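Taking it in order: structure first as structure tokens, then the write-up.
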Ligand code: UDP
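Residue numbers (the working numbering): 1 to 323.
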């Protein structure tokens, strides 16, 4: 197939583009490089530097490349930042997303795979989180993604857009070529590994008084290769659908740090800090629906395997993409 990967120079988009190319698809990456990196653009893909703040650039890209499907990764994706700058999240994730959808309608592109998030659920009333649980986001990031899911439903009903919305839990790890690199790093695993690389003196733990066995937040870390595989399967979906995407395993912040100590051989000092606003205590996915309906099967169930891949990548690229 011909796939336009919007946001394909970012962490998740770059690995998805790589796997699409490996599977023999033709890929064009559309990215404004605000969060993405030129060196994360797979050399086998076409590249268009473009922005979704209007419909014109994306419409030209769709007209030129004529994809059969779009994968949409371009978004603002930090919980804490969304608690400080809600406007940025509503504009980027809803307004700019609408520009993409309208350009797809105008150019007759009918298939979309969308990056959604477990943050649409807020604190769950039971675990693991399946698709039927109420959606009550507690931060503007989750709210913006939930709003866009509702928009997708109506574009599907009215314009015949076929979409698959994948609600990621915590994407982590790396492929051989591409890994997690943000200019301002807020994510747990890369921050711990930066300590092991000698680039940071210690890692901060945000909150040690949560109602969890060791007091720190529990997340469901999913290997970026497993997550990317779900996107490839989503292209074959016969209907518009929403799927939760995690491994079903919960790992606390302290357990992540301990696993990193074991893998890197570094002591990794910690500094205990207050809670970070907007963080629920536990988020663990039930992914039975995507396993049943699309045949998705995670290959990397253990946090160690995920961290080992991240550590390999960070050792090979200690300065990330260097931009
Ligand atoms: N976290 C932490 N120290 C850090 C970064 C993150 O304690 O330097 C915690 C954060 O509060 C959350 C978990 O680690 O409970 C995962 O955070 P991350 O930002 O990686 O992903 P999120 O769950 O926000 O998508």
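Each residue gets a CB set at the ideal place from its N, CA and C atoms; glycine is no exception.
Quick caveat, the model's predicted, so the values are computed rather than measured.
Check whether the Cβ atoms of residue i and residue j sit closer than 8 Å, and answer yes or no.
i, j, result
"residue 101", "residue 151", "yes"
"residue 242", "residue 167", "yes"
"residue 36", "residue 128", "no"
"residue 335", "residue 34", "In this structure the chain extends from 1 to 323, so residue 335 is not present and cannot be described."
"residue 113", "residue 41", "no"
"residue 173", "residue 287", "no"
"residue 356", "residue 259", "Past the edges of the chain, shown from 1 to 323, lies residue 356, and the structure says nothing about it."
"residue 194", "residue 161", "no"
"residue 318", "residue 188", "no"
"residue 179", "residue 313", "yes"
"residue 226", "residue 298", "yes"
"residue 52", "residue 74", "yes"
"residue 234", "residue 294", "yes"
Comparing C-alpha positions only, which one of the options sits nearest to residue i?
i, options, result
"residue 141", "86, 110 and 165", "86"
"residue 3", "64, 39 and 314", "64"
"residue 92", "240, 284 and 6", "6"
"residue 201", "307, 69, 268 and 221", "268"
"residue 170", "256, 146 and 276", "256"
"residue 363", "278, 94 and 58", "There is no way to answer for residue 363, as the model of the chain reaches only from 1 to 323."
"residue 175", "319, 322, 25 and 300", "300"
"residue 32", "67, 43, 19 and 61", "61"
"residue 103", "72, 88 and 263", "72"
"residue 285", "240, 221 and 67", "221"
"residue 117", "83, 76 and 88", "76"
"residue 292", "251, 230, 30 and 250", "230"
"residue 11", "39, 1, 27 and 315", "39"
"residue 324", "199, 270, 115 and 186", "Lying before the first or after the last residue shown, residue 324 is absent from the chain, which here runs from 1 to 323."
"residue 24", "95, 232 and 321", "232"
CA-CA distance, residue i and residue j?
i, j, result
"residue 54", "residue 155", "19 Å"
"residue 125", "residue 280", "12 Å"
"residue 130", "residue 121", "10 Å"
"residue 236", "residue 81", "35 Å"
"residue 274", "residue 211", "14 Å"
"residue 182", "residue 79", "15 Å"
"residue 254", "residue 224", "21 Å"
"residue 98", "residue 22", "30 Å"
"residue 306", "residue 148", "29 Å"
"residue 289", "residue 244", "8 Å"
"residue 47", "residue 19", "16 Å"
"residue 192", "residue 203", "6 Å"
"residue 323", "residue 184", "12 Å"
"residue 157", "residue 263", "49 Å"
"residue 272", "residue 216", "10 Å"
"residue 45", "residue 228", "16 Å"
"residue 240", "residue 119", "20 Å"
"residue 17", "residue 67", "14 Å"
Provide the residue(s) that pair with residue i in DSSP beta bridges, ordered along the chain.
i, result
"residue 111", "162"
"residue 223", "172"
"residue 22", "None, per the DSSP bridge assignment."
"residue 71", "5 and 113"
"residue 252", "218"
"residue 31", "49"
Go ahead and label residue i buried or exposed: buried means 16 or more other beta carbons lie within 10 angstroms of its beta carbon, across all protein chains shown.
i, result
"residue 132", "exposed"
"residue 278", "buried"
"residue 219", "buried"
"residue 134", "exposed"
"residue 265", "exposed"
"residue 159", "exposed"
"residue 238", "exposed"
"residue 123", "exposed"
For residue i, decide whether its Cβ has a neighbour in chain B, counting only Cβ atoms nearer than 8 Å.
i, result
"residue 31", "Chain labels in this structure do not include chain B; a single protein chain is all it has."
Tell me whether residue i counts as near the ligand FAD, meaning its Cβ is closer than 7 Å to at least one heavy atom of that ligand.
i, result
"residue 158", "Within the structure as shown, the ligand FAD is missing, the only ligands being the ligand UDP."
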